[in-house]
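K.L.:
This is the structure, below, for whatever I ask next.
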Amino acid sequence: MANDGWNWDDLGNDIRDVIDKAVYSQDYSELNESVRSLIGNVINMGTDALKRATGGSSRAAYDDSDKGSYQDGTKSTPRVVPSQNNLPALYGNPQKIMSGGIMKIVGGAVLAGGAVCLSALIDLVGWWFYFDFGLIAALPAILGLIVGVPLIVSGSKQIGFVNRFKTYRQILGQKTHCTIERLSQSVGKSVKKVRKELKRMIDDGLFLEGHLDEKETILITSDETYSDYQKSLIKQAEQSVKATAKERQSEKDAKLQEVLDKGNSFISQIRACNDAIPGEEISEKISRMELIVRRIFERAETNPEIVPDLKKLMDYYLPMTIKLLNAYADMDKQPVQGENIQASKREIEETLDTLNLAFEKLLDELFSDTAMDVSSDISVLNTLLAQEGLKGDDFK
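Under numbering that gives the first Met the number 0, the first residue of the sequence shown is numbered 0, with each subsequent residue one higher.
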C-alpha cells in the first residue's frame with residue numbers, strides 16, 4: 000500500500016528539526032505549536048488510512064451493505080474456494096491482519112490526539128497563571144507522537160499488505176501460478192520486495208498451499224500444481240542426465256573411432272613396408288608385428304577403457320617403427336649393399352625383435368583384467384566343486 004503522498008521520512012525529519020531547534024536555541028515558545036501541527040497531520044492521515052481500510056476502492060474490499068460478502072461477490076469465509084474449476088481452498092482470510100492494522104491506526108491516532116490535548120491543557124494552565132512551561136508543555140505531545148506515529152505507520156503497512164494480497168489474488172484469478180514479475184508490476188513494487196512479501200504471505204497462511212519455484216521467479220498457489228512442477232523438474236533432470244550421458248558416449252565413440260582409424264593407418268603402413276621388403280626372415284618379423292598391433296587395436300575396440308594405455312604406442316613407438324621400416328626398405332633397394340647398409344639393416348632387424356617383444360607384452364597387459372576375472376571365476380568354481388564333493392581328489 001502506498002502512503003498516498005505522505006513521506007514518513009520527512010515526518011521524522013520534521014520532528015527532529017523542531018526539537019533540535021528548540022533545544023539549541025533554548026526557546027520553547029514555538030515548540031508546542033509546531034508539535035500540534037505535526038500531530039494534526041498525523042491524525043488526519045490516520046483518519047484517511049482508516050477510511051481507505053473500511054471503504055476503499057479495491058474490488059475485494061468489504062461492502063458495508065453486506066458484511067458477509069465482498070464487493071466482487073465472493074463470500075467472506077475463512078477460506079476462499081474458487082468455484083469455477085472446483086479448486087481446493089487456496090487462500091486464507093486476511094481479516095485478522097486487516098483488523099490489526101485498523102486497530103493500530105486508531106490506537107495511534109487516539110494516543111497522539113490525547114497527547115496533543117494534554118499538551119494543550121498544560122499550555123492553557125501556564126497561560127492562565129502567566130507561566131511558560133516551555134518544553135514541559137510539549138513533552139506529552141512529543142511522547143504521543145513518538146509512540147503513536149509508529150503505530151499508525153505499522154497499521155498502514157498491514158492494510159497495504161492485505162490490499163496487495165487481494166490484488167495478487169485478483170491477478171491469479173482461477174490460475175494457480177503467476178510470475179513474480181507480473182505481480183510486481185501490478186502493485187508498482189520491485190520484484191525483490193514482492194518476492195519477500197510473498198514469502199511472508201505464505202508464512203502467514205494467506206496462501207494456504209503457496210510455494211515459490213526453484214529460482215523464486217514464480218508463485219505457485221496449489222500443492223497439485225507444485226507437485227506437477229516438481230515432476231517436471233525431475234523429468235527435465237532425467238532428460239538432462241540422459242542427454243549428457245549420450246553426449247559423453249558420443250565423445251567417447253568419436254575418440255575411440257579416431258584411435259581405431261589411426262591404428263588402421265599404422266597397420267596399413269606396416270603392411271606396405273612388408274610388401275616393399277622381399278627378405279623372407281624380416282618379412283616374418285614384420286608380419287608378426289602387424290598381427291600383434293592388429294590384436295592390440297581389436298582389444299581397444301571391444302574395451303574402449305584401455306585407449307589411454309595406448310598413448311605411448313601411438314605417439315612414439317609405432318611412428319618410430321614405421322620410420323625404421325621405411326628406412327630399411329630404402330636401403331634394401333640399393334643395388335650395392337655395402338658394410339654400412341648391411342650393419343644398419345641388421346640393427347633394424349634386431350630392433351624389430353625387441354619391438355615385437357614389447358608389443359606382445361603390451362597386448363598381454365591389456366588382457367590382465369580378463370585374466371584376473373578368469374582366475375577369480377576358476378577359484379570360485381573350484382570352491383563350489385569342493386563343497387559339493389565333486390573335485391577329483393574327493394573320489395579317491
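Glycine is no exception: its CB is placed at the ideal position from the N, C-alpha and C atoms.
Taking all protein chains shown into account, decide if G187 is buried (16 or more other Cβ within 10 angstroms of its Cβ) or exposed.
P.N.:
It counts as exposed.
K.L.:
What does the alpha-carbon distance come out to for the pair S231 and T224?
P.N.:
Computed Cα separation, rounded: 10 Å.
K.L.:
Considering only the alpha carbon of each residue, which of D314, C177, L182 and L89 lies closest to R163?
P.N.:
The option with the nearest alpha carbon to R163 is L182.
K.L.:
Thinking just about the alpha-carbon of each residue, which of Q336, I269 and T166 is nearest to the one in K322?
P.N.:
Closest by alpha carbon: I269.
K.L.:
For G172, is the beta carbon positioned less than 7 Å from some heavy atom of the ligand GDP?
P.N.:
The ligand content of the structure shown is nil, which means the ligand GDP is not present either.
K.L.:
Indicate whether I145 and M97 have their beta-carbon atoms separated by less than 8 Å.
P.N.:
No.
K.L.:
Count the other CB atoms within 10 Å of the CB of E349; is the residue buried (16 or more) or exposed (fewer)?
P.N.:
Under this definition E349 is an exposed residue.
K.L.:
My understanding is that T216 touches T166, with C-beta atoms under 8 Å, so please give their C-beta distance in whole angstroms.
P.N.:
Contact flag wrong, Cβ pair sits at about 19 Å.
K.L.:
I'd like to check one pair, L207 with L197: are the Cβ atoms closer than 8 Å?
P.N.:
No; because the gap between Cβ atoms is not below 8 Å, this pair is not in contact.
K.L.:
Per DSSP, what kind of secondary structure is G91 in: helix, strand or coil?
P.N.:
Strand at G91.
K.L.:
Within 8 Å, do at least three Cβ pairs link the stretch 311-330 to the stretch 252-268?
P.N.:
Cβ pair count under 8 Å is three or more, so yes.
K.L.:
Have a look at K344, N92, E364 and E246 and flag the residue whose alpha-carbon is nearest the alpha-carbon of G204.
P.N.:
For G204, the nearest C-alpha among the options comes from N92.
K.L.:
Return the residue from the list T220, L317, I276 and C272 that minimises the CA-CA distance to V292.
P.N.:
With distances taken between Cα atoms, V292 lies closest to L317.
K.L.:
Distance, Cα to Cα, V335 vs Q341?
P.N.:
Approximately 10 Å between the Cα atoms of the pair.
K.L.:
Give every residue of the same chain whose Cβ lies closer than 7 Å to the Cβ of S343, excluding the five residues on either side of it in the sequence, and list them in chain order.
P.N.:
Correct list, in chain order: M330.
K.L.:
Which stretch, first to last residue, makes up the alpha helix (DSSP H) that contains L356?
P.N.:
Unbroken alpha helix (DSSP H) run through L356: E338 to L365.
K.L.:
Rounded to whole angstroms, what's the CA-CA distance from V306 to M288? Just pull it up for me.
P.N.:
Spanning the two alpha carbons is a distance of roughly 19 Å.
K.L.:
In whole angstroms, give me the CA-to-CA distance for D202 and V109.
P.N.:
Computed Cα separation, rounded: 31 Å.
K.L.:
Over the uninterrupted alpha helix (DSSP H) stretch that includes L324, give me the two end residues.
P.N.:
Looking at the DSSP string, the run of the alpha helix (DSSP H) that includes L324 is L317 to D331.
K.L.:
Report the residue from K234, N339, L255 and I347 whose alpha carbon sits nearest the alpha carbon of D308.
P.N.:
Here the closest residue by C-alpha is L255.
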